[in-house]
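Undergrad: Quick one: this structure, given as structure tokens, is what I'll be asking you about.
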Amino acid sequence: MNVNEISSKFQFLGNRIVEFSIKTDNSSPGRLHINTDIDYNVKSIKEKEDLYLGFLELIINIQGVATNDTYPLIVNLVIEGCFTANKEDLDMNTFKDMVEKNGLVALSQIARSYLISATSLSGINPPIKLPMINVFSLIKKKKMIKNAEDA
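Structural data, given as structure tokens:
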């Protein structure tokens with residue numbers, strides 16, 4: 005099937021790594037328990053002459069906890085993606101919703117690949133594999149936290 009006939013009105017323009025750090029310490033040998041924290045921010049939604057531009061930031065913090073409660077592994081990754089759609093194809097609210105949902109799916113898979121490669125190249129065996137995330141649950145939890153903070 006021709007991809008031009010089935011392409012989405014919502015498009016991913018690209019991504020960049022905003023921040024990445026990895027810290028390892030071999031003083032606590034053995035298997036680590038991995039704690040992963042994920043957050044995101046819709047950085048901006050811009051309306052241009054004939055299109056929308058949306059910028060989304062995905063933040064991932066990973067800690068490898070040893071049996072003696074030390075943190076011999078710390079990984080921090082911030083990745084940003086840019087998304088677009090023509091104004092004639094989508095309204096602003098639909099575009100915002102797609103940046104949040106579809107954008108999170110796209111960035112989480114890029115981040116997953118990046119983390120596997122970076123941790124593998126850093127000598128971490130097995131490399132860190134970010135689990136698949138339920139973006140609907142992530143969005144819901146983020147909104148609940150924001151509502152609690154605003155109350």
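With the numbering used here applied, the sequence shown closes on residue 155, and no number is skipped along the way. For each residue, glycine too, the CB sits at the ideal point set by N, CA and C.
Bridge partners of E64, per DSSP?
TA: Here residue 64 is taken as the residue at index 60 of the sequence shown, counted from 1. Correcting the residue identity first, residue 64 is Ile in this sequence and not Glu. Bridge partners of I64: I42, L81.
Undergrad: So what does DSSP say about F99, is it helix, strand or coil?
TA: As a working mapping, residue 99 is identified with position 95 in the sequence shown. Note: F99 maps to helix in three-state DSSP.
Undergrad: Compute the Euclidean distance between the alpha carbons of P135 and F24, then round it to the nearest angstrom.
TA: Here residue 135 refers to the residue found at position 131 of the sequence shown. Here residue 24 refers to the residue found at position 20 of the sequence shown. If I take the Cα positions, the gap works out to 19 Å.
Undergrad: Go ahead and pull the three-state DSSP assignment for T71.
TA: Here residue 71 is taken as the residue at index 67 of the sequence shown, counted from 1. Note: T71 maps to coil in three-state DSSP.
Undergrad: Along the chain, where does the alpha helix (DSSP H) containing N8 start, and where does it finish?
TA: The residue labelled residue 8 in the question sits at position 4 within the sequence shown. Looking at the DSSP string, the run of the alpha helix (DSSP H) that includes N8 is 7–10.
Undergrad: Please classify A152 as buried or exposed, where buried requires at least 16 other C-beta atoms within 10 Å of its C-beta.
TA: Mapped onto the sequence shown, residue 152 falls at position 148. Exposed, by the Cβ-count rule.
Undergrad: Give me the Cα-Cα distance between A89 and R20, rounded to the nearest whole angstrom.
TA: The residue given as residue 89 occupies position 85 in the sequence shown. The residue given as residue 20 occupies position 16 in the sequence shown. Their Cα atoms are separated by approximately 19 Å.
Undergrad: Across which residues does DSSP place T88 in a beta bridge pair?
TA: One-based indexing of the sequence shown puts residue 88 at position 84. According to DSSP, T88 bridges with Q15, L57.
Undergrad: Give the secondary structure of K50 by DSSP, where H, G and I count as helix, E and B as strand, and everything else as coil.
TA: Here residue 50 corresponds to residue number 46 of the sequence shown, with the count starting at 1. In this structure, K50 counts as strand in the three-state DSSP scheme.
Undergrad: Do the segment 76–88 and the segment 99–110 meet, that is, are 3 or more Cβ pairs less than 8 Å apart?
TA: Touching, yes.
Undergrad: Using CA atoms only, rank isn't needed, just tell me which of E92, G107, M148, V79 is closest to K133.
TA: Position 129 of the sequence shown, counted from the start, is the residue given in the question as residue 133. The option with the nearest alpha carbon to K133 is V79.
Undergrad: List the endpoints of the continuous alpha helix (DSSP H) containing K146.
TA: Against the sequence shown, residue 146 aligns to sequence position 142. Element bounds for K146: 139–154.
Undergrad: Are L57 and L111 close, meaning C-beta to C-beta below 8 Å?
TA: For the purposes of this step, residue 57 is identified with residue 53 of the sequence shown, where counting begins at 1. For the purposes of this step, residue 111 is identified with residue 107 of the sequence shown, where counting begins at 1. Not in contact: L57 and L111 (Cβ atoms no closer than 8 Å).
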